[in-house]
Structure formats: C-alpha cells, structure tokens
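For reference, the structure is listed below as structure tokens.
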Ligand code: S2G
Ligand code: ZN
C-alpha cells in the first residue's frame, strides 16, 4: 500500500487505529485455518461507522482491497489477508448500545464478543441462544457474516433467526440501516438476509439488533452409547416424538478417545460404543423427565442404545458437554483436514454410511474423526495428519478425496459447507452445492453492492476482472 494512502488512513484513524507492525499483521491477517500465510499491508481498527465508511470509500477511489475482520475464528480462510489487503478489524467497535426490555432485543456494535452478548442477556434474565466452542473469541459481526450455527440450532435456529436489524456499509461505501428491529415488515426484499452469511463480500456489518429469548430452565443432558450410524437417527426420531430437544449432537469413539486422553475428561460410562449421541432438553417438569426416561428405555429395548447417562446437576451437564465441545480444540494439534457437510436429516444415515465407506477406502492410512450437529444434518468429518507425514502432502492426499465426497454430497442435494462458510478453502467447490444460475446471480449481487470488488476479494467468489 503506497505511503500516501497509509498517511490518509493514519490521519483518519490515528495511532491507535492503524497498525503495520509484523506482529499485528500476523495476528490480524489470519483466521483458524492454517493453510494460508498472512500478508496484509496494514490493520485498520476503526471506532465508528463513519470511519468504516471512509475506509471503504478510500478503497474504492484508490483500488486497494479490504478484508473485514471479527474474531477470526473462521475455518474456511474467510478472514485471511494473504494478498496485501488492508484488514478492517471491528475489535474497537465493541459496545452494547441499547437494550429494549419490552422488545426483548438489544442493539450492539459488530465487535462485541459472542460470550459478552450471552452474559449481557443473562443479566437481563434473558438468553442469546447461538452458542459454539469459539464463542469466547468470536464477534457478533463475524457470526452474522457467516450465519454461525453451533450447538442449539435444532431448537433456536442459526444466527440468521436472531437478527432483527442491521447497520451495514456496502462495498460501494453506502450506509444501509435495515429493518430497525421490527418483527414484521412487509415492504419488499429483505436485504438483511442478503448480508447475513455473505462472508464480508457485500458490506461490512457495523451494528446489529438481536432478539433475546426466555432463558430455558434446568437444561439436562443425556449421553448415549450408539452401536451404529443408523441408530443415531432412530434415537433422534424417538426422543423428538415427546421432547423439543435443545441439542442433538454426535461424536465417534475416536473423538472421545482424544478428549479423554489429551484433556483428561472422564468417559460418560464404562460400556464401549462406536458412536455417542449427546442430547439436551429443558427438564422443566416431572412429565418431561419421565418422557426422556421412557424414550431412553425404549431405545435400549430396541437396540438403538447400548448404555447412557443423564445429568443430575448443571455441573454434570457442563462436564458432559465438554466431551463434545472440546473435540475441535483437542484434535487441532493433529492438523486435521476438515470437511463440514450437511444433508437433509432424513438422508443422514445413508450419507454417513456412504462417506464412511469412501474415507475408509481412500484414507485407509489416516485416522477419521466424526462429530457434529447431526440433528441439523450437519457432519464434521476430520482426517488427522499422520505425525510423520508432511502437511502439504497430507492435504494433497485429502483434497484428492474431496471430489468423491462432494459428488456424493451433490447427489443428495447436500451442502459442501454446512456452517463454516466458503471463504477461500471451499470457493472452488461451490458448484457442487450451487447451480450455475445461482452463482451467476451471486456474482451479479456482488457487483451490485461492491462494484470494484474491494471487499474480501476472492473469498466465496473468485474475482473475474473482466467483469469489473
Ligand atoms: C464444532 C467447530 C469447528 C471444527 O465443533 O461443531 O463447528 O473444528 C465445529 O469443526
Ligand atoms: Zn460445528
């Protein structure tokens, strides 16, 4: 970036708002993927929507590119700046601006940490329902830009369902204030939903109005030992007959092995099982608890469950959750090659079996770890790198299998990226889940909102300079 531009950014942002030191570039230029070497030109840390707008207008006038940056906990390279871009971090725009008790909503800046939002809701006796392992460092703006899902989607939906309003600066540098917190607003296209999940390619989210919910009572967790994939979906169906589950997760015995071995967690019970289901429900009456126990009993009798445990306290519930929530962090040290796939819930058993067959054949030498939000049809397939194998060689081996896995996913009209987004990692596989017509419309929308493609270039969609 030329010194004149840096000078203008410095005048706009001041010493605190513009960094070029190597440590900042390393820190702000990456997300949780380990595939790309960060190489931003500089890091901008604006403190107001006006400053964000000025940065985007400067980029349009001078042709440099921007990478919006939240908590940088993404897993698809969406927040990676590897091409000399200016990172625009929302970290200093981190205030909760208003709380509307009667609306049960709040207005906050994009840089608010997800866990901070959850805690604020609790102080008001309410509940922000989107939760996942990285909530302690992810930011609400990034959660909205990736439509983050997590472990409660089966009951409360994704981030999309919580957004009542957005303040955005588009790639054109124009300010949009969308929906203003309204529950109902039938006045044409709901532009809010274009920006949710747009991965920072259409605009930079600066503020959000979010709904808060009644806090659930006495959340109780069951962990069940399951003999085979197909039984998982039988269990889901049986419990859902009488309960509104707040979570339905699964993980394999190898996932359990690592959290027990590396994190010292306790096994849920002695009986060995190839798979585990983790269920959560609001245990707010004796009838509810009886319904859960009856469903558990029925699943044992029908052979869908080998053994199980039900939490008797919030502490035990939290400890059982750790068996699932600690998986991602635990296996990260084994440089996993990750796939994040989804199919309709009714196709999960067939899909799981078919993918497992492919990976068993093609990855015979590698260790496969299964886990995920199976109640949403979302599976996290992680292949662990053999300690002695070179990372690049390992990733090449794994990528060679993508074709088969994605063709299978496409055959079931599934998604090659259920919740982690497209970013850089999945960009070139988009056509397995989106039609040519859809991608053409997506490119047209990108050019409409960001005519010079200054925002997050080559993320989600590759720049086709001929169209600029
Ligand atoms: C999960 C977290 C990221 C990962 O644990 O549900 O989405 O490692 C994941 O896959
Ligand atoms: Zn997940």
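In our numbering, the protein residues as written are 678 to 1145. The beta carbon of each residue, even a glycine, is placed where N, CA and C say it ideally should be. Fair warning: this is a prediction, and the values are worked out from it, not measured in the lab.
{"Item": "When 984, 858 and 815 are compared against residue 944, the one with the closest alpha-carbon", "Value": "984"}
{"Item": "3-residue-minimum beta strand (DSSP E) runs that sit fully inside the stretch 1101-1134, ordered along the chain", "Value": "none"}
{"Item": "Residue 972 to residue 863 span [Cα, whole Å]", "Value": "42 Å"}
{"Item": "Contact between the stretch 827-834 and the stretch 754-774 (3+ Cβ pairs under 8 Å)", "Value": "no"}
{"Item": "Per-residue DSSP class, three states only, for residue 709", "Value": "coil"}
{"Item": "Extent of the continuous beta strand (DSSP E) run through residue 884", "Value": "880-888"}
{"Item": "Segment contact flag, the stretch 1067-1078 with the stretch 996-1008, C-beta cutoff 8 Å, min 3 pairs", "Value": "no"}
{"Item": "Burial state of residue 711 (16 or more Cβ within 10 Å)", "Value": "exposed"}
{"Item": "Three-state secondary structure assigned by DSSP to residue 848", "Value": "coil"}
{"Item": "Residues bridged to residue 746 [DSSP beta-bridge criterion]", "Value": "766"}
{"Item": "For residue 737, the three-state DSSP class (helix, strand or coil)", "Value": "helix"}
{"Item": "Burial state of residue 1116 (16 or more Cβ within 10 Å)", "Value": "exposed"}
{"Item": "Nearest residue (CA-CA) to residue 1034, options 1055, 1078, 995 and 994", "Value": "1078"}
{"Item": "Nearest residue (CA-CA) to residue 1086, options 1026, 1104 and 1018", "Value": "1018"}
{"Item": "Beta-carbon proximity of residue 721 to residue 765, cut-off 9 Å", "Value": "yes"}
{"Item": "beta-carbon residue 1080 near ligand 1 non-hydrogen atom, thresh 8 Å", "Value": "no"}
{"Item": "Terminal residues of the beta strand (DSSP E) in which residue 924 lies", "Value": "924-929"}
{"Item": "Distance CB(residue 835)-CB(residue 844) smaller than 9 Å", "Value": "no"}
{"Item": "Residue interval of the beta strand (DSSP E) (run including residue 805)", "Value": "Segment: none, residue 805 is in no beta strand (DSSP E) and carries neither H nor E."}
{"Item": "Which of helix, strand or coil DSSP assigns to residue 919", "Value": "coil"}
{"Item": "Chain-order list of residues whose beta-carbon lies under 6 Å from that of residue 749 (same chain, five-residue window excluded)", "Value": "708 and 756"}
{"Item": "Cβ distance (whole Å) where residue 903 is taken to contact residue 981 below 8 Å", "Value": "7 Å"}
{"Item": "When 777, 770 and 849 are compared against residue 819, the one with the closest alpha-carbon", "Value": "770"}
{"Item": "Whole-angstrom C-beta distance between residue 848 and residue 880, which should lie under 8 Å", "Value": "6 Å"}
{"Item": "Residue list, Cβ distance to ligand 2 heavy atoms smaller than 7 Å", "Value": "809, 826, 827, 1017, 1049, 1050, 1055, 1057 and 1096"}
{"Item": "Reduced DSSP category for residue 1050 - H, G, I as helix; E, B as strand; rest coil", "Value": "coil"}
{"Item": "Residue 1021, buried or exposed, once every other Cβ within 10 Å from all chains shown has been counted against 16", "Value": "exposed"}
{"Item": "Contact check, residue 954 vs residue 896, beta carbons under 9 Å", "Value": "no"}
{"Item": "Option in 714, 787, 728 and 760 with minimal Cα separation from residue 687", "Value": "728"}
{"Item": "Within the stretch 997-1033, ranges of the beta strand (DSSP E) (whole runs, at least 3 residues)", "Value": "1014-1019"}
{"Item": "Heavy atom of ligand 1 within 8 Å of residue 1093 beta-carbon", "Value": "no"}
{"Item": "Near ligand 1: residue 1004 beta-carbon under 8 Å from a heavy atom", "Value": "yes"}
{"Item": "Ligand 1 heavy atom lying under 8 Å from the CB of residue 918", "Value": "no"}
{"Item": "Local conformation of residue 987 per DSSP, three classes", "Value": "strand"}
{"Item": "CA nearest to the CA of residue 1027, picked from 840, 1051, 1094 and 1041", "Value": "1051"}
{"Item": "Bounding residues of the beta strand (DSSP E) (the contiguous stretch that carries residue 782)", "Value": "782-786"}
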